[in-house]
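Numbered per numbering that gives the first Met the number 0, the sequence shown spans residues 0 to 210. Backbone N, C-alpha and C define an ideal beta-carbon position, used for all residues, glycine too. As the structure is a prediction and not an experimental result, all values here were calculated from the model. Let me begin by presenting the structure, written as structure tokens, before commenting on it.
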Amino acid sequence: MADQKLIDMVGKYIDKYYEPVNNDIKMDEEMRVIFDIITKFRKKRAEKKALQEEQLKESSFTEEMFPEEFDVSTMQKTKIEKGMSSTMSVNRNIDKLMNQLEETFSQRLLRMIDERGMTDSEAYTKAYVDRRHFSKIRKDVNYVPNKKTVLAFTIALELSLDEAKDLLASAGFALSRSSKTDIIVAYFLQNKIYDMFEINDILNVYGQQVF
């Protein structure tokens, strides 16, 4: 039986976030944070560009004053190469992120299993998913299991709350405030508690289907 203190803590978490109307957990706040980050990034990039242009003007002025000591064309080439290197690095990161955004559930799950150095059997055993079910996920790149199975894998792979949301999204699901199961799982993910027995105890206490 789950510890009473844990039961009470989860109860407070449910009271805080549970809503009878479907509403993704903290999505509005997350979007605001993302927009703020993008705004700051664009502002910083504009300031950097203005600074580079100012430095380029200064270097051109210096060449006119002391032509024998400076080769501005070399300096400009260096600046361009550095800028290209930075841009290429950013583009590679963006390409990687875009590829991940386009991943199906099966592709994302298998990648996450590999990244954690787990075998397939370790992953599906910890998730309480049988081998035949997992075989369908592996063989069919577009296969989408039910939400309960996806949630089980978020625990088995010991995902962060954000990683769990991404995995759910790849299967067309989201953590919902209208689901006590979702809120309970979110509590354990947020607190990095991945004991399936303990999670099932709490689910049972609150009348939810166990994994």
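| Check | Outcome |
| --- | --- |
| Contacts around Ala151, its chain only, beta-carbon distance under 7 Å, and the 5 residues preceding and following it disregarded | Ala126, Tyr127, Val128, Phe210 |
| Thr118 classed as buried or exposed, judged by whether at least 16 other C-beta atoms fall within 10 angstroms | exposed |
| Alpha-carbon spacing of Glu114 relative to Asn199, whole angstroms | 26 Å |
| Close Cβ partners of Met111 (< 6 Å) along its chain, the five nearest in sequence each way excluded | Leu156 |
| Terminal residues of the alpha helix (DSSP H) in which Ala170 lies | Looking at the DSSP string, Ala170 is not in any alpha helix (DSSP H), and its letter there is neither H nor E. |
| Simplified DSSP assignment, three categories, for Ser105 | helix |
| For Ser120, the three-state DSSP class (helix, strand or coil) | helix |
| Option nearest Ser169 by Cα separation, candidates Lys47, Thr103, Asp7, Met8 | Thr103 |
| Ser88 to Lys43 span [Cα, whole Å] | Only weak support exists for where Ser88 lies, its pLDDT of 47 falling under 50; the coordinates are left without a value. |
| Cα-Cα separation, Ile201 to Leu167 | 21 Å |
| Between the CA atoms of Lys4 and Val184 - distance to the nearest angstrom | 17 Å |
| Residue(s) in a DSSP beta bridge with Ser178 | Answer is none; Ser178 lacks a bridge partner. |
| Span of the alpha helix (DSSP H), counted from its first residue to its last, around Ala151 | 146-155 |
| Whether Thr180 touches Lys147 by CB criterion (9 Å) | yes |
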